Every structure is written in structure tokens, then in C-alpha cells.
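To keep things clear, I will list the structure first and then write my remarks on it.
Numbering (this note's numbering), first residue to last: 11 to 181.
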């Protein structure tokens, strides 16, 4: 076990900054056999209360699964920028026509052919319990600095010089 302590923050803004350019998250739920089940989901936007919202079909497996066990994980990955995020939280599915209209964009018609009035659209809300992110600059100079520092000192890069790694705790 490592003797280094992962920094902890309560700043959801920093978490949202890390995922703002990552359009797709992998949502993991528990299926009927209580095994992990993941699928891609398009994140629409963070809410003022710190939750993340998605649109989904009321008949999808994920809606059934979160009603059985609402513990979920969202994984975000942007390999070109070396940004990785894991979000643990609780999910709920509900219908709110005004909120659906607010969240709607025309490209969603690919999944909901009837548009924002489609009665099968539900909102999947993930309330964040905790998260963790890893962000390592991907530029050649940043990697070179990290390499030279490691060679010169015999120590790996620290969070405060090249890499960023933190746990985000909501409460």
C-alpha cells in the first residue's frame, strides 16, 4: 500500500471543469444478477445542486436497474488530454417535461424520434457522493519535465508539479 495520501477537495467546480469537454461517460449499474453492467451515456450538464443529468428511455435496462439498486459509477476518459474521472453516486429516474424541454437539443432526436415531447423520455439524475480525478499534462514539455525531475531526484512527479490527482468528497 502506498504511503502517499491522495489530496481531498470539496470543490465540485474543479471536477466539472475536468469533465466539461468529455461528452460521453460510461454509466455502471448492477443488473438483475447483481453483476456490473456499463453503457455509454451523454452527459448533458451539471446541475446547481451538484448532480449530473442524462436523458434516457423509460423502458431501458438502466431505469429498471437503478430502481433495484441506485448505486452507480460514471467513468469519464479523455486520453488525448490525459484526464480520467470516476464518479460514485446514487441515481434516480423521473419524468419532468419542463426540465426535459430545458435539456433538449435537436441531436437527441437520434434516440428520441418523437422529439422532446416523447412520453418515453426520462431524466436520469446522478447525485454525486464522491469522485476522483487524474489529470496529467500531455504535452511533450510537461512529460520531459517530469522525466528530468524523476532522473535528477529519484522521485516520481508530485501532484503539485506535473500531475493533478484528488478525491472530491461532497459531504
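The beta-carbon is built from N, C-alpha and C at its ideal position, and this holds for glycine as well. No experiment lies behind these values; they were computed from the predicted model shown.
Per DSSP, residue 76 is one residue of the alpha helix (DSSP H) stretching across 71 to 78.
The straight-line gap separating the alpha-carbon atoms of residue 112 and residue 165 is approximately 50 Å. When rounded, the separation of the alpha-carbon atoms in residue 105 and residue 44 is 26 Å. Distance between residue 142 and residue 120, taken at the CA atoms: about 32 Å. Around the C-beta of residue 136, 16 or more other C-beta atoms lie within 10 Å, and the residue is accordingly described as buried. Judged by DSSP secondary structure, residue 26 falls within the alpha helix (DSSP H) whose first and last residues are 22 to 29. Around the C-beta of residue 42, fewer than 16 other C-beta atoms lie within 10 Å, and the residue is accordingly described as exposed.
Counting the other CB atoms within 10 Å of its CB gives residue 75 a total of 16 or more, which places it among the buried residues. Annotation: the segment 48 to 130 contains the following complete segments of the beta strand (DSSP E) (minimum length 3 residues), in chain order: 62 to 67, 81 to 88, 93 to 104. Going by DSSP, residue 38 is part of the beta strand (DSSP E) stretching over 34 to 40. Under the three-state reduction of DSSP output, residue 163 falls in the helix class. Pairing residue 84 with residue 63, the inter-Cα distance amounts to about 12 Å.
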